[in-house]
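Asks:
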Amino acid sequence: MIRFLGKEAALLLFTVLFIAISTSAQKSPRHCQCQLTIVSENDNYTFKYKDRYYTNGLAIRFAKTLGNESYTGVKKVLATEVGQMIFIPFRANLSFRSTMDRPFTGLLYAKGGLSYYSIKNDVLRWNLLAGVIGNDAFGKEVQRWHHKNFNLPYPYGWETQLKSEFGANLQATYYRHLLKPSANNFFEVHAKAEVQAGTFFTQLSSGLMMKLGAFENAGQSAFGEAGINARSGTTKRNHELFLYFEPQLTYQLYNATVQGGLLTHNEDVYTTGIQPYYYSHRFGAIYAQGGLSLQLGFTYKTKEARTMRADENYGTIGVGVRF
């Protein structure tokens, strides 16, 4: 990984981890009302240099508990997030035109929403996102800066990126617990249903969420930032360490990062059609103790555009600090 990220990036990552562990590991999540999380996603984290499709993402997320769970029986967590996602075609070298199979574009966004955790271990989450695709999302500037400073090949082709369009999306996700709760659970399964509607993405998804290892119930777990303000007596252990696997099938009606903006004419730039269905899965590991949570993950996704030459995959690194 150091080869692809550069020594500076590796040093920064280790520094952040050291500071987070030193300042937060001794805190109890019962005394923490908030969590600040930084998530970095990149195809280079898969240890294979394939700079393509969803090539880089960065998000900063702030979560805070709301209300009094003791009275309602439902834990509520408010989350806000700002981030950027960068998409490129199969190749971004001098021959990019001959292998063009999806557009160049960034997606710069801000979103906020609520998550509800019930005593039955079910989760309901909704988010409202507002942002911009195209030139105003600064995908070109961020990728070229990153490649220049970390000694990666210069990315060609950004002059063909999508035109700018501002938009909004509404997302709702529901996790239904399928197994009978137990004090010593080491395996858990949720059914998942998700809908997105708006000017960027319109799609329906269905799948499963499986966890294996030492984890808390959904309303007290580091998965989804629910570990903050864990109620005394409801946690089963002083740390979490578990694997997760989340397969899902998606039916998409619209994808602005592939087809261009819904309200913008993109005749003079490259756009393409979508695959009606695509499969994806996420798997990884989460560790949480005291005021610290760490995530390492991997995502695989089949082609979401009809013209794409290959499936895609990328890695995820997340660091969360509770306070």
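For the sequence shown, the residue numbers in our numbering are 174 to 496. Even for Gly, the Cβ is constructed at its ideal location relative to N, Cα and C.
#1: Where does residue 218 sit, in a helix, a strand or coil, going by DSSP?
#2: Can the beta-carbon of residue 496 be found less than 9 Å from the beta-carbon of residue 458?
#3: So who's on the other strand from residue 230, going by DSSP bridges?
#4: Leaving out the 5 sequence neighbours to the left and right, which residues in its chain are closer than 6 Å to residue 482 when beta-carbon positions are compared?
#5: Any idea if residue 261 is buried or exposed, counting beta-carbon neighbours within 10 angstroms, 16 or more meaning buried?
#6: Could you give the DSSP three-state label for residue 317: helix, strand or coil?
#7: Below 8 Å on the Cβ atoms is my contact criterion, and I expect residue 215 with residue 487 to pass it. Report the Cβ-Cβ distance as a whole number of Å.
#8: Tell me the rounded alpha-carbon separation between residue 398 and residue 479.
#9: If I follow the unbroken beta strand (DSSP E) through residue 346, where does it start and stop?
#10: Using the C-alpha atoms, what's the distance from residue 368 back to residue 234?
#11: Would residue 340 be called buried (16 or more neighbouring beta carbons within 10 Å of its own) or exposed?
#12: Go ahead and pull the three-state DSSP assignment for residue 268.
#13: Based on Cα-Cα distance, which residue from 451, 278 and 419 lies nearest to residue 311?
#14: Check whether the stretch 327-344 and the stretch 296-312 are in contact - that is, three or more C-beta pairs closer than 8 Å.
#15: Could you spell out the range, first to last residue, of the alpha helix (DSSP H) harbouring residue 432?
#16: One question on the structure: do residue 427 and residue 375 come within less than 9 Å of each other, judged by their Cβ atoms?
#17: State the DSSP-derived secondary structure class of residue 300, mapped to helix, strand or coil.
#18: Can you tell me where the beta strand (DSSP E) holding residue 456 begins and where it ends?
#19: Cα-Cα, which of 334, 429 and 351 is closest to residue 442?
#20: Buried or exposed, going by whether 16 or more other CB atoms sit within 10 Å of the CB of residue 206?
#21: At a cut-off of 8 Å, would you count residue 232 as near the ligand MN, judging by its Cβ distance to the nearest heavy atom?
#22: Only counting the same chain, and skipping five residues up and downstream in sequence, which positions put a Cβ closer than 6 Å to that of residue 384?
#23: Count the C-beta pairs between the stretch 312-321 and the stretch 285-300 that are closer than 8 Å, then say yes if the count reaches three, no if not.
#24: Tell me whether the beta-carbon of residue 211 lies closer than 9 Å to the beta-carbon of residue 491.
#25: Applying the 10 Å Cβ sphere with the 16-neighbour rule, what's the burial state of residue 396?
#26: Is it the case that the Cβ atoms of residue 238 and residue 284 are separated by a distance below 9 Å?
#27: For residue 486, name the three-state secondary structure that DSSP assigns.
Replies: Inspection of the coordinates gives the following:
#1: Three-state DSSP puts residue 218 in a helix.
#2: No, the pair does not count as a contact, with Cβ atoms beyond the cut-off.
#3: 214 and 258
#4: For residue 482, where only same-chain residues beyond five positions count, the Cβ hits under 6 Å are 263 and 274.
#5: So residue 261 ends up on the buried side.
#6: helix
#7: 6 Å
#8: Those two C-alpha atoms are separated by around 35 Å.
#9: 338-350
#10: 21 Å
#11: buried
#12: coil
#13: 278
#14: yes
#15: Start and end: 429-432.
#16: yes
#17: strand
#18: 450-462
#19: 334
#20: It counts as exposed.
#21: The ligand MN is absent from the structure shown, which contains no ligand whatsoever.
#22: 361, 415 and 417
#23: Counting Cβ pairs under 8 Å, fewer than three are found: no touch.
#24: yes
#25: buried
#26: no
#27: strand
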